[in-house]
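Contents: one structure, followed by commentary.
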Amino acid sequence: MKKRVGRKKGASRKKEKHIIPVGIKVLINYSVLLCFFYALFGLIFPFLFHMEFLVQSPYALVSNILTLGLMLLLIYGFYNRRFWAWKLALFLYTFSILNSVITLVFIKYTILNIIAGFIVSSFIFTVFLNLLTLWYIYERKDYFTVKHYHPHIHLADKVFISSVYIFYFFAIVFVIALGFEFYKSATYTVDRLAYELRGKTYEESMNICNTKAFADRDVCYVTVAASHREFPKARELCSLVKSDFYKLTCYQATM
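Add 37 to the 1-based position in the sequence shown for the working numbering, that's all there is to it.
Structure, rendered in C-alpha coordinates:
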(Lines of atoms letter the chains of each structure in order from A and count residues from 1; the text may use other names and numbers.)
(Lines give C-alpha, C1' and ligand atoms only; values in the text may rest on other atoms or scores of the structure.)
Protein backbone atom coordinates (compact mmCIF):
# COMPACT_ATOMS: atom_id res chain seq x y z
CA MET A 1 0.00 0.00 0.00
CA LYS A 2 2.79 2.41 0.85
CA LYS A 3 4.55 1.77 -2.44
CA ARG A 4 1.36 2.43 -4.35
CA VAL A 5 0.76 5.66 -2.49
CA GLY A 6 4.38 6.66 -3.14
CA ARG A 7 3.90 6.13 -6.85
CA LYS A 8 0.76 8.24 -6.86
CA LYS A 9 2.49 11.07 -5.05
CA GLY A 10 5.43 10.89 -7.42
CA ALA A 11 3.10 10.95 -10.39
CA SER A 12 1.22 13.95 -9.01
CA ARG A 13 4.47 15.88 -8.47
CA LYS A 14 5.53 15.07 -12.00
CA LYS A 15 2.24 16.41 -13.35
CA GLU A 16 2.50 19.50 -11.16
CA LYS A 17 5.53 20.72 -13.11
CA HIS A 18 3.39 20.95 -16.25
CA ILE A 19 0.43 22.75 -14.72
CA ILE A 20 0.39 26.22 -16.27
CA PRO A 21 -1.64 29.13 -14.83
CA VAL A 22 -4.42 30.49 -17.01
CA GLY A 23 -2.68 33.86 -17.32
CA ILE A 24 0.55 32.23 -18.51
CA LYS A 25 -1.46 30.20 -21.04
CA VAL A 26 -2.92 33.43 -22.41
CA LEU A 27 0.60 34.88 -22.51
CA ILE A 28 1.86 31.84 -24.43
CA ASN A 29 -1.04 32.13 -26.90
CA TYR A 30 -0.26 35.83 -27.38
CA SER A 31 3.39 34.98 -28.03
CA VAL A 32 2.35 32.29 -30.54
CA LEU A 33 0.19 34.88 -32.31
CA LEU A 34 3.17 37.24 -32.50
CA CYS A 35 5.26 34.41 -33.97
CA PHE A 36 2.60 33.83 -36.61
CA PHE A 37 2.69 37.47 -37.69
CA TYR A 38 6.49 37.53 -37.70
CA ALA A 39 6.48 34.39 -39.86
CA LEU A 40 3.83 35.76 -42.21
CA PHE A 41 4.97 39.36 -42.63
CA GLY A 42 8.58 38.97 -41.53
CA LEU A 43 9.60 36.01 -43.68
CA ILE A 44 7.14 36.01 -46.57
CA PHE A 45 7.10 39.81 -46.84
CA PRO A 46 10.44 40.83 -45.28
CA PHE A 47 9.77 44.47 -44.50
CA LEU A 48 11.17 46.30 -41.55
CA PHE A 49 10.19 49.61 -40.02
CA HIS A 50 13.59 51.08 -39.36
CA MET A 51 13.32 54.52 -37.77
CA GLU A 52 11.46 56.55 -40.41
CA PHE A 53 11.51 54.28 -43.44
CA LEU A 54 9.77 51.11 -44.53
CA VAL A 55 12.73 48.97 -45.55
CA GLN A 56 12.82 45.85 -47.69
CA SER A 57 16.28 44.35 -47.45
CA PRO A 58 18.29 41.33 -46.28
CA TYR A 59 18.71 43.15 -42.96
CA ALA A 60 14.93 43.09 -42.50
CA LEU A 61 14.84 39.35 -43.17
CA VAL A 62 17.72 38.64 -40.75
CA SER A 63 16.14 40.84 -38.08
CA ASN A 64 12.76 39.14 -38.44
CA ILE A 65 14.29 35.64 -38.36
CA LEU A 66 16.23 36.54 -35.21
CA THR A 67 13.12 37.95 -33.53
CA LEU A 68 11.07 34.91 -34.54
CA GLY A 69 13.75 32.59 -33.12
CA LEU A 70 13.82 34.47 -29.82
CA MET A 71 10.02 34.39 -29.60
CA LEU A 72 9.99 30.61 -30.14
CA LEU A 73 12.68 30.26 -27.46
CA LEU A 74 10.56 32.42 -25.18
CA ILE A 75 7.51 30.19 -25.66
CA TYR A 76 9.63 27.16 -24.76
CA GLY A 77 10.84 28.95 -21.62
CA PHE A 78 7.29 29.95 -20.63
CA TYR A 79 6.05 26.40 -20.97
CA ASN A 80 8.95 24.88 -19.00
CA ARG A 81 9.19 27.59 -16.30
CA ARG A 82 12.73 28.71 -17.13
CA PHE A 83 13.99 31.74 -15.22
CA TRP A 84 15.94 32.96 -18.24
CA ALA A 85 12.60 33.18 -20.06
CA TRP A 86 11.47 35.74 -17.48
CA LYS A 87 14.53 37.89 -18.24
CA LEU A 88 14.22 37.36 -21.99
CA ALA A 89 10.54 38.33 -21.90
CA LEU A 90 11.33 41.58 -20.08
CA PHE A 91 13.99 42.37 -22.69
CA LEU A 92 11.92 41.46 -25.78
CA TYR A 93 8.74 43.24 -24.75
CA THR A 94 10.67 46.33 -23.62
CA PHE A 95 12.51 46.38 -26.96
CA SER A 96 9.20 46.03 -28.81
CA ILE A 97 7.75 49.00 -26.92
CA LEU A 98 10.79 51.19 -27.64
CA ASN A 99 10.79 50.18 -31.31
CA SER A 100 7.09 51.02 -31.64
CA VAL A 101 7.48 54.40 -29.95
CA ILE A 102 10.52 55.33 -32.09
CA THR A 103 8.68 54.27 -35.25
CA LEU A 104 5.62 56.33 -34.34
CA VAL A 105 7.77 59.41 -33.76
CA PHE A 106 10.01 59.18 -36.83
CA ILE A 107 8.00 57.35 -39.49
CA LYS A 108 7.47 59.28 -42.71
CA TYR A 109 3.87 59.18 -43.81
CA THR A 110 4.49 58.48 -47.49
CA ILE A 111 1.87 55.75 -47.43
CA LEU A 112 -1.84 55.94 -48.01
CA ASN A 113 -3.68 57.73 -45.21
CA ILE A 114 -5.88 54.75 -44.36
CA ILE A 115 -2.91 52.37 -44.31
CA ALA A 116 -0.95 54.89 -42.24
CA GLY A 117 -3.84 55.02 -39.79
CA PHE A 118 -3.85 51.24 -39.54
CA ILE A 119 -0.08 51.10 -38.95
CA VAL A 120 -0.13 53.84 -36.32
CA SER A 121 -3.09 52.27 -34.53
CA SER A 122 -1.39 48.86 -34.62
CA PHE A 123 1.73 50.28 -33.01
CA ILE A 124 -0.34 52.02 -30.33
CA PHE A 125 -2.21 48.77 -29.58
CA THR A 126 1.14 46.96 -29.45
CA VAL A 127 2.61 49.47 -27.00
CA PHE A 128 -0.31 49.22 -24.57
CA LEU A 129 -0.57 45.44 -24.85
CA ASN A 130 3.17 44.97 -24.32
CA LEU A 131 3.12 47.34 -21.33
CA LEU A 132 0.35 45.19 -19.86
CA THR A 133 2.39 42.05 -20.64
CA LEU A 134 5.49 43.50 -18.97
CA TRP A 135 3.49 44.29 -15.85
CA TYR A 136 2.02 40.78 -15.76
CA ILE A 137 5.38 39.04 -16.28
CA TYR A 138 6.91 41.13 -13.50
CA GLU A 139 4.00 40.34 -11.15
CA ARG A 140 4.20 36.58 -11.84
CA LYS A 141 7.94 36.20 -11.33
CA ASP A 142 7.19 33.45 -8.81
CA TYR A 143 6.06 31.17 -11.65
CA PHE A 144 9.63 31.17 -12.97
CA THR A 145 11.53 31.10 -9.66
CA VAL A 146 9.84 28.87 -7.05
CA LYS A 147 10.76 25.19 -6.99
CA HIS A 148 7.27 23.82 -6.41
CA TYR A 149 4.65 25.98 -8.06
CA HIS A 150 1.00 25.70 -7.01
CA PRO A 151 -1.16 27.45 -9.60
CA HIS A 152 -3.75 29.85 -8.26
CA ILE A 153 -5.75 32.47 -10.11
CA HIS A 154 -4.23 35.68 -8.80
CA LEU A 155 -5.59 39.19 -9.22
CA ALA A 156 -2.83 39.79 -11.79
CA ASP A 157 -4.17 36.84 -13.84
CA LYS A 158 -7.70 38.24 -13.81
CA VAL A 159 -6.58 41.74 -14.78
CA PHE A 160 -4.25 40.48 -17.51
CA ILE A 161 -6.73 38.04 -19.08
CA SER A 162 -9.63 40.52 -19.02
CA SER A 163 -7.50 43.30 -20.48
CA VAL A 164 -6.11 41.10 -23.28
CA TYR A 165 -9.60 40.02 -24.37
CA ILE A 166 -10.82 43.63 -24.30
CA PHE A 167 -7.82 44.67 -26.42
CA TYR A 168 -8.51 41.87 -28.89
CA PHE A 169 -12.17 42.81 -29.16
CA PHE A 170 -11.47 46.46 -29.93
CA ALA A 171 -8.63 45.52 -32.29
CA ILE A 172 -10.90 43.21 -34.31
CA VAL A 173 -13.67 45.82 -34.51
CA PHE A 174 -11.15 48.47 -35.55
CA VAL A 175 -9.55 46.30 -38.24
CA ILE A 176 -12.94 45.38 -39.72
CA ALA A 177 -14.05 49.02 -39.80
CA LEU A 178 -10.75 50.20 -41.28
CA GLY A 179 -10.69 47.39 -43.84
CA PHE A 180 -14.21 48.23 -44.98
CA GLU A 181 -13.33 51.92 -45.26
CA PHE A 182 -10.19 51.13 -47.25
CA TYR A 183 -12.04 48.79 -49.60
CA LYS A 184 -14.80 51.33 -50.20
CA SER A 185 -12.35 54.19 -50.81
CA ALA A 186 -9.98 52.18 -53.02
CA THR A 187 -12.78 50.67 -55.11
CA TYR A 188 -14.36 54.05 -55.73
CA THR A 189 -11.02 55.64 -56.72
CA VAL A 190 -10.01 52.80 -59.04
CA ASP A 191 -13.41 52.68 -60.78
CA ARG A 192 -13.46 56.44 -61.28
CA LEU A 193 -9.93 56.59 -62.71
CA ALA A 194 -10.43 53.50 -64.87
CA TYR A 195 -13.47 55.16 -66.44
CA GLU A 196 -11.53 58.40 -66.93
CA LEU A 197 -8.55 56.64 -68.56
CA ARG A 198 -10.58 54.31 -70.75
CA GLY A 199 -9.49 54.42 -74.41
CA LYS A 200 -6.68 56.92 -73.74
CA THR A 201 -3.16 56.55 -75.11
CA TYR A 202 -0.13 56.35 -72.81
CA GLU A 203 0.68 60.05 -73.31
CA GLU A 204 -2.94 61.12 -72.78
CA SER A 205 -3.16 58.99 -69.64
CA MET A 206 0.03 60.56 -68.28
CA ASN A 207 -1.36 64.04 -68.82
CA ILE A 208 -4.46 63.09 -66.85
CA CYS A 209 -2.39 61.57 -64.03
CA ASN A 210 -0.24 64.70 -63.75
CA THR A 211 -3.36 66.73 -62.95
CA LYS A 212 -4.18 64.50 -59.97
CA ALA A 213 -2.87 64.81 -56.43
CA PHE A 214 -2.05 62.57 -53.47
CA ALA A 215 -3.64 59.09 -53.55
CA ASP A 216 -5.49 59.79 -56.81
CA ARG A 217 -2.20 60.39 -58.59
CA ASP A 218 -0.68 57.20 -57.17
CA VAL A 219 -3.68 55.11 -58.21
CA CYS A 220 -3.61 56.76 -61.63
CA TYR A 221 0.07 55.84 -62.15
CA VAL A 222 -0.59 52.26 -61.07
CA THR A 223 -3.57 51.99 -63.44
CA VAL A 224 -1.57 53.37 -66.37
CA ALA A 225 1.43 51.14 -65.63
CA ALA A 226 -0.77 48.03 -65.40
CA SER A 227 -2.75 48.79 -68.56
CA HIS A 228 0.37 49.71 -70.58
CA ARG A 229 2.77 47.14 -69.14
CA GLU A 230 4.10 46.34 -72.62
CA PHE A 231 5.26 49.95 -72.94
CA PRO A 232 9.04 50.22 -72.13
CA LYS A 233 8.60 53.09 -69.66
CA ALA A 234 5.57 51.66 -67.89
CA ARG A 235 7.58 50.14 -65.03
CA GLU A 236 9.39 53.45 -64.50
CA LEU A 237 6.05 54.94 -63.45
CA CYS A 238 6.25 52.95 -60.24
CA SER A 239 9.14 55.12 -59.03
CA LEU A 240 6.81 58.15 -59.24
CA VAL A 241 4.32 56.60 -56.83
CA LYS A 242 4.65 58.16 -53.36
CA SER A 243 2.66 55.62 -51.37
CA ASP A 244 4.69 52.56 -50.37
CA PHE A 245 1.54 50.44 -50.55
CA TYR A 246 0.66 51.47 -54.10
CA LYS A 247 4.31 51.38 -55.15
CA LEU A 248 4.47 47.69 -54.27
CA THR A 249 1.18 47.14 -56.10
CA CYS A 250 2.61 48.91 -59.14
CA TYR A 251 5.76 46.78 -59.26
CA GLN A 252 3.71 43.61 -58.92
CA ALA A 253 1.32 44.70 -61.68
CA THR A 254 4.17 45.34 -64.14
CA MET A 255 6.17 42.16 -63.50
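Just so you know, even glycine gets a beta-carbon here, dropped at the ideal spot from N, CA and C.
These numbers were taken from a predicted model, which means no experiment stands behind them.
Look at the Cβ atom of Y288, then the Cβ atom of R272, and state whether they are nearer than 9 Å.
-> yes
A122 versus E176: straight-line alpha-carbon distance, rounded | 14 Å
Sorry if obvious, but does the Cβ on T286 come closer than 8 Å to a heavy atom of the ligand NAD?
-> Ligands are entirely absent from the displayed structure, and the ligand NAD is therefore not among its contents.
How would you call T224, buried or exposed, if buried means at least 16 neighbouring beta carbons within 10 angstroms?
-> exposed
Just how far apart, CA to CA, sit Y283 and D194?
-> 43 Å
A263 and T226: beta carbons closer than 9 Å?
-> no
Residues in its own chain within less than 8 Å of T286 by CB, not counting five upstream and five downstream?
-> V259
Determine, using beta-carbon pairs with one atom in the region 110-126 and one in the region 165-181, whether at least three such pairs fall under 8 Å.
-> yes
Helix, strand or coil at R266 according to DSSP, with G and I counted as helix | coil
Contacting residues, own chain, Cβ-Cβ under 6 Å from L141 (five flanking each side not counted) | F160
Taking the alpha carbon of P58 as the point to measure from, which residue in C72, Y75, I190 and S280 has its own alpha carbon closest?
-> I190
Could you tell me whether the Cβ atoms of Y205 and N167 are closer together than 9 Å?
-> no
Out of curiosity, what's the CA-to-CA distance linking V201 and V157?
-> 19 Å
What residue range is occupied by the uninterrupted alpha helix (DSSP H) comprising I198?
-> L192 to L234
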